[in-house]
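Chains E and A, in that order, are what the protein sequence lines are. Under my numbering, the first residue of the first sequence is numbered 116, with each subsequent residue one higher. Under my numbering, the first residue of the second sequence is numbered 116, with each subsequent residue one higher. Glycine is no exception: its CB is placed at the ideal position from the N, C-alpha and C atoms. Written below as structure tokens is the structure these notes are about.
2 protein chains.
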Amino acid sequence: MTPERIFPMVKLYEQKDVNELDDSSASTSKAGSASLEEFFSVGDFAAAAHQAVKRLADMLSGDSLEGVRLQRPADLMARARNLMVPADRGRFDLHRFSEILDLYLETAIKVNSRGYMARQFSSVMPVAAVFDMVSAMVPQPASYYEAGQLPNIADRLLEETLGRLVGWPHGRFEMVTTSGASLANMTAVLVARNHCFPQSWNGGLAAAGSRRPAIAVGEDAHFSVTRVAGIIGIGQDQVVRLPLNYRRQICPAGAAAALDSAAFCGLDVFCVIASAGTTSIGANDPLPELAALAKRHGAWLHVDAAHNGAFLVSDRLRPRLSGLELADSFCMDAHKTLFVPALCTLLFYKQKGMAETAFPQKDSYVFDPFEDEMTAVQSGVKNFECTKRPAILNLWLAWSLYGRHAFADKLEHLVTMTGAAHDYLASQPDFLVPHRPESNILCFVHRPAGVDSRRLSRLQIQLRDRVRAAGQYLLSKVDLDGRTMLRMVLMNHQIGLHDIEGVVAEIRRHARDILENDATESEQMRLFRLQPGE
Amino acid sequence: MTPERIFPMVKLYEQKDVNELDDSSASTSKAGSASLEEFFSVGDFAAAAHQAVKRLADMLSGDSLEGVRLQRPADLMARARNLMVPADRGRFDLHRFSEILDLYLETAIKVNSRGYMARQFSSVMPVAAVFDMVSAMVPQPASYYEAGQLPNIADRLLEETLGRLVGWPHGRFEMVTTSGASLANMTAVLVARNHCFPQSWNGGLAAAGSRRPAIAVGEDAHFSVTRVAGIIGIGQDQVVRLPLNYRRQICPAGAAAALDSAAFCGLDVFCVIASAGTTSIGANDPLPELAALAKRHGAWLHVDAAHNGAFLVSDRLRPRLSGLELADSFCMDAHKTLFVPALCTLLFYKQKGMAETAFPQKDSYVFDPFEDEMTAVQSGVKNFECTKRPAILNLWLAWSLYGRHAFADKLEHLVTMTGAAHDYLASQPDFLVPHRPESNILCFVHRPAGVDSRRLSRLQIQLRDRVRAAGQYLLSKVDLDGRTMLRMVLMNHQIGLHDIEGVVAEIRRHARDILENDATESEQMRLFRLQPGE
Numbered sequence: 116m117t118p119e120r121i122f123p124m125v126k127l128y129e130q131k132d133v134n135e136l137d138d139s140s141a142s143t144s145k146a147g148s149a150s151l152e153e154f155f156s157v158g159d160f161a162a163a164a165h166q167a168v169k170r171l172a173d174m175l176s177g178d179s180l181e182g183v184r185l186q187r188p189a190d191l192m193a194r195a196r197n198l199m200v201p202a203d204r205g206r207f208d209l210h211r212f213s214e215i216l217d218l219y220l221e222t223a224i225k226v227n228s229r230g231y232m233a234r235q236f237s238s239v240m241p242v243a244a245v246f247d248m249v250s251a252m253v254p255q256p257a258s259y260y261e262a263g264q265l266p267n268i269a270d271r272l273l274e275e276t277l278g279r280l281v282g283w284p285h286g287r288f289e290m291v292t293t294s295g296a297s298l299a300n301m302t303a304v305l306v307a308r309n310h311c312f313p314q315s316w317n318g319g320l321a322a323a324g325s326r327r328p329a330i331a332v333g334e335d336a337h338f339s340v341t342r343v344a345g346i347i348g349i350g351q352d353q354v355v356r357l358p359l360n361y362r363r364q365i366c367p368a369g370a371a372a373a374l375d376s377a378a379f380c381g382l383d384v385f386c387v388i389a390s391a392g393t394t395s396i397g398a399n400d401p402l403p404e405l406a407a408l409a410k411r412h413g414a415w416l417h418v419d420a421a422h423n424g425a426f427l428v429s430d431r432l433r434p435r436l437s438g439l440e441l442a443d444s445f446c447m448d449a450h451k452t453l454f455v456p457a458l459c460t461l462l463f464y465k466q467k468g469m470a471e472t473a474f475p476q477k478d479s480y481v482f483d484p485f486e487d488e489m490t491a492v493q494s495g496v497k498n499f500e501c502t503k504r505p506a507i508l509n510l511w512l513a514w515s516l517y518g519r520h521a522f523a524d525k526l527e528h529l530v531t532m533t534g535a536a537h538d539y540l541a542s543q544p545d546f547l548v549p550h551r552p553e554s555n556i557l558c559f560v561h562r563p564a565g566v567d568s569r570r571l572s573r574l575q576i577q578l579r580d581r582v583r584a585a586g587q588y589l590l591s592k593v594d595l596d597g598r599t600m601l602r603m604v605l606m607n608h609q610i611g612l613h614d615i616e617g618v619v620a621e622i623r624r625h626a627r628d629i630l631e632n633d634a635t636e637s638e639q640m641r642l643f644r645l646q647p648g649e
Numbered sequence: 116m117t118p119e120r121i122f123p124m125v126k127l128y129e130q131k132d133v134n135e136l137d138d139s140s141a142s143t144s145k146a147g148s149a150s151l152e153e154f155f156s157v158g159d160f161a162a163a164a165h166q167a168v169k170r171l172a173d174m175l176s177g178d179s180l181e182g183v184r185l186q187r188p189a190d191l192m193a194r195a196r197n198l199m200v201p202a203d204r205g206r207f208d209l210h211r212f213s214e215i216l217d218l219y220l221e222t223a224i225k226v227n228s229r230g231y232m233a234r235q236f237s238s239v240m241p242v243a244a245v246f247d248m249v250s251a252m253v254p255q256p257a258s259y260y261e262a263g264q265l266p267n268i269a270d271r272l273l274e275e276t277l278g279r280l281v282g283w284p285h286g287r288f289e290m291v292t293t294s295g296a297s298l299a300n301m302t303a304v305l306v307a308r309n310h311c312f313p314q315s316w317n318g319g320l321a322a323a324g325s326r327r328p329a330i331a332v333g334e335d336a337h338f339s340v341t342r343v344a345g346i347i348g349i350g351q352d353q354v355v356r357l358p359l360n361y362r363r364q365i366c367p368a369g370a371a372a373a374l375d376s377a378a379f380c381g382l383d384v385f386c387v388i389a390s391a392g393t394t395s396i397g398a399n400d401p402l403p404e405l406a407a408l409a410k411r412h413g414a415w416l417h418v419d420a421a422h423n424g425a426f427l428v429s430d431r432l433r434p435r436l437s438g439l440e441l442a443d444s445f446c447m448d449a450h451k452t453l454f455v456p457a458l459c460t461l462l463f464y465k466q467k468g469m470a471e472t473a474f475p476q477k478d479s480y481v482f483d484p485f486e487d488e489m490t491a492v493q494s495g496v497k498n499f500e501c502t503k504r505p506a507i508l509n510l511w512l513a514w515s516l517y518g519r520h521a522f523a524d525k526l527e528h529l530v531t532m533t534g535a536a537h538d539y540l541a542s543q544p545d546f547l548v549p550h551r552p553e554s555n556i557l558c559f560v561h562r563p564a565g566v567d568s569r570r571l572s573r574l575q576i577q578l579r580d581r582v583r584a585a586g587q588y589l590l591s592k593v594d595l596d597g598r599t600m601l602r603m604v605l606m607n608h609q610i611g612l613h614d615i616e617g618v619v620a621e622i623r624r625h626a627r628d629i630l631e632n633d634a635t636e637s638e639q640m641r642l643f644r645l646q647p648g649e
């Protein structure tokens, strides 16, 4: 594209006086006061947008190593308070806008830097972020066809495309998009609950009588999954924990025993929830075995594939989801591993018609009572939200432009690089790497020679904190079986082995400081005959 | 701002070849392939962003009367399918991007036009839409302080500002932001449930024993409120419906009788849910009376103020929320009546410390077990989402730039204009306007002389459909006590009385057509001795 195609508009809105522009674009029937128009000024919009695009482009083309710059809340609050217009009425001020933008970027986690290795947040495909501005400005509440035509069509197109990759027969399954995996998991469990306890929607859980509805989850299930039981009235005590094997996957034999034992205790497990990509280490549960087990117990199988569900798009990684086609439902977060803005979660049901049983209720002022060709494609009663962002369009847009392989390429690269990081760390004598990564998450422990195993967990937390404070890298930590480990999640495709070596060097440097400090402290305690803790 | 401050960046990214730019910004440690880099190209980002800004600015400065252009799903699907790159791998194509953008804008509800009067969706403050692109590109998952520093601070600043307007004493209440009023209402009812039935989180609803937990809602409560009972295990049968007065507010005397009757039947109403701004007509329930009633029954009072809660910001409108300070909790949708992008809902609790009782569960790999100054300000366990968009920043940004009065001015204008529309319609002999509007929602019936009252409801639906099909205006419809009415929601501050006259003229024109058609049909039936429906 030539600059001429961009510049005319900028000139149009920049070179006019703001008030002149507002007057010239004002309709004769407008009743708003001049100052009211100002808050919606087109000129100010263009100025703010160009400023934002400039800063974002600068950031994207930068290459500094950064994790996050933590500020104390009191300090940040003082800075933020200073940026608020002092009187109750202000005017657009590009300088103030830029300062707020800068403060946001300064204090952000630096997901676009190779130093950010902390959690499952990715830099997004830039075109998708641009589209988020469009859908913010031109809202299409996607629950209704009338109000969100293209998002409802995009749902159907991606349903068809992704369902084919699962291996499900055309027209027999369905997909609903929703705002986050927490909501998707709850929705799927509600479908299972309403299916196995048909009285529960109207009668409540007390209507289950002497039966005790329960769900079964792996020991490493995400906290949003286990709390579903508390929310939907089953109770946390009715969560059966399925034991893990050494790879931290649900162990089928252990799970079978746990379910038998639960049944013996009077629990009625109506839903087994497996993970494809646990939050802690990215493990994939053995889906074929769990599907058979769920079937034997007459239970629904839901797979929380928030993280690894995206493996579907890659011919190389898809086999790791073997058995997903046997699940009654599963969800995946496109905002995690398909690199679009949050929140964009896809919830799939193996059997068409199940989605509308999550919230079996209709209300005429919201939805027309008679189904026609238009209401038939809308998500309406099938999702929790009433106003639902058309987030699916971000994914459909990127998919339409780049095709499936763009996502597959990045995902495969991240998984490969995580494998390489594993091999590198495993070859270092002062690092323990307990699990071979199944996706882009790697947990490890730094264990310098001579460090007591009782000292190790605290050392990892200190390392996480020191690395974070130094500013170049950001890692997270995880507690597994009472041991604290460091955890890296590779989401940025620009990260190379060089960066892994960099963070390792940084960790060693901090560990030396910490341990020297330990030694000095203990020497001082000896000199002054103090006991630790005094 | 001068054009020079914008142009350099555009030149930088536009005049270079895309591949050259990627190479020049590539780090030496980058492992991604060239094609992978391309999907995240800075140059393509700038090109797409400028295209989007141009289209949005053109749209904002346009002044055509438009509602929505409905397309048949099959036709739209064919058009959308055509825009998808045929192979599995594509390249950025500005032309394809523009075509997708255009299709989105073409099929959108035209919330920026004076013709859009259908539902509670507003054109947003443009700076807020710009910021949505920033937070899409630079995500800050706002549940954690580490990952979302500024959003957590913005939460605290707006909590303080808005809580003062409620009249609550500083430091005694709290606010959590969440994704939509459906989620906020469910969260508040969970707090009430966990408060009144402390065993329910762990033991489940069956643990309530012989008690039958119930909630009470007005007959006009939003569908998301009534379905909470089905979701959280109480059961829809345990929803007590409180009768309305002639203004469609909950009638306190009727409510008292309904609650007594419910208690007599063994229902244990633990939560009364009132509305400040019903979806149907925008009515505000009598909060002081309902607060006294809830107290007498030992029940929690939650107010679904999704629509009218924003009246808080206006000195003139705030008195309509009288009694809100007595509620145990209430929520308001900033994406409805504070004109920021969806979803941005604020959930307030009168008593500090209640928020963390909604989901009383902690998980160490997500949240650090020890509270410090940083975790103390984060929303973490207080909200349903794990990944939470920092939507509060859109509101805080606009508030910081424009101050409270910007929101108040627009809201007051909308309410005034709706009152004027009421008076105008009420003065027309062929319109029935059953309720004086309490906010910006107006329901009415067109009743041309000589039309049978049995014919009226169908006529209104036909009018909604014909007005929509003509393309200049968009209205919604609502069913109240078995009667269908037309409904206008004024969200665009540019709408003037002239536009109300315009839609009235349009309605009359369509009604004449419809009734003439009726007459012709009935004449034909008479001639051919057919019965209606044959």
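A distance below 8 Å separates the beta carbons of residue 509/A and residue 459/A. Burial is judged here by how many other beta carbons sit within 10 angstroms of a residue's own beta carbon; residue 487/A has fewer than 16 and is exposed.
Judged by DSSP secondary structure, residue 306/E falls within the alpha helix (DSSP H) whose first and last residues are 296-311. The criterion of a C-beta distance shorter than 8 Å is satisfied by residue 463/E and residue 445/E.
At a cut-off of 3 residues, the continuous stretches assigned as beta strand (DSSP E) that sit fully inside the region 479-564 of chain E are 556-561. Residue burial annotation: residue 379/A is exposed, with fewer than 16 other C-beta atoms found within 10 angstroms of its C-beta.
Here residue 594/A carries a strand assignment [DSSP, helix/strand/coil]. Spatial neighbours of residue 368/E in its own chain (CB-CB distance under 6 Å, excluding positions within 5 residues in sequence) are not present. Around residue 298/E, the same chain offers 499 as residues with beta carbons nearer than 6 Å, after the five sequence neighbours per side are excluded. Residue range 157-176 is occupied by the alpha helix (DSSP H) that includes residue 168/A, with no beta strand (DSSP E) assigned at that position. Between residue 599/A and residue 575/A the beta-carbon gap is near 5 Å, inside 8 Å, which marks them as a contact.
Residues of the region 317-329 of chain E with a C-beta atom less than 8 Å from some C-beta of chain A are 317, 318, 319, 320, 321, 322, 323, 327, 328, listed in chain order. Look at residue 419/E: its C-beta is not under 8 Å from any C-beta on chain A. The Cβ atoms of residue 182/E and residue 529/E lie no closer than 8 Å to each other.
In terms of beta-carbon proximity, residue 315/A lines the interface with chain E, with at least one pair separated by less than 8 Å.
Chain order gives no chain A residues near residue 606/E, where near means a beta carbon separation below 8 Å; the closest approach is about 10 Å.
Contacts with chain E (Cβ-Cβ distance below 8 Å) from the region 220-232 of chain A involve 220, 222, 223, 224, 226, 227, 229, listed in chain order.
Nearest C-alpha to residue 490/A among 177/E, 176/E, 189/E: 189/E. For residue 290/E, no Cβ of chain A is located within less than 8 Å of the residue's own Cβ.
Taken in chain order, the unbroken stretches of beta strand (DSSP E) that lie wholly in the region 331-412 of chain E and span 3 residues or more are 354-357, 382-390. Our two residues, residue 348/A and residue 333/E, have alpha carbons roughly 23 Å apart in a direct line. For residue 238/E, the chain A residues whose Cβ falls inside 9 Å of its Cβ are 155, 252, 253, 254, in order along the chain. Identification of chain E residues near residue 520/A by a Cβ-Cβ cut-off of 8 Å yields 203, 204, ordered along the chain. In terms of Cβ geometry, residue 442/A and residue 417/A form a close pair [threshold 8 Å].
Shown in chain order are the members of the region 417-450 of chain A whose Cβ falls below 8 Å from a Cβ of chain E: 448, 450. The C-alpha of residue 248/E is placed about 23 Å away from the C-alpha of residue 200/A. Around the CB of residue 361/A, fewer than 16 other CB atoms lie within 10 Å, so the residue is classed as exposed. Following the DSSP letters along the chain, one finds residue 248/E inside the alpha helix (DSSP H) bounded by residues 241-252. For residue 572/A, the enclosing alpha helix (DSSP H) covers residues 568-585. For residue 461/A, the three-state secondary structure derived from DSSP is strand. Assignment of residue 324/A by DSSP, reduced to helix, strand and coil, places it in the coil class. Closest in alpha carbon position to residue 344/A, among 316/E, 350/E, 312/E, 337/E, is 316/E.
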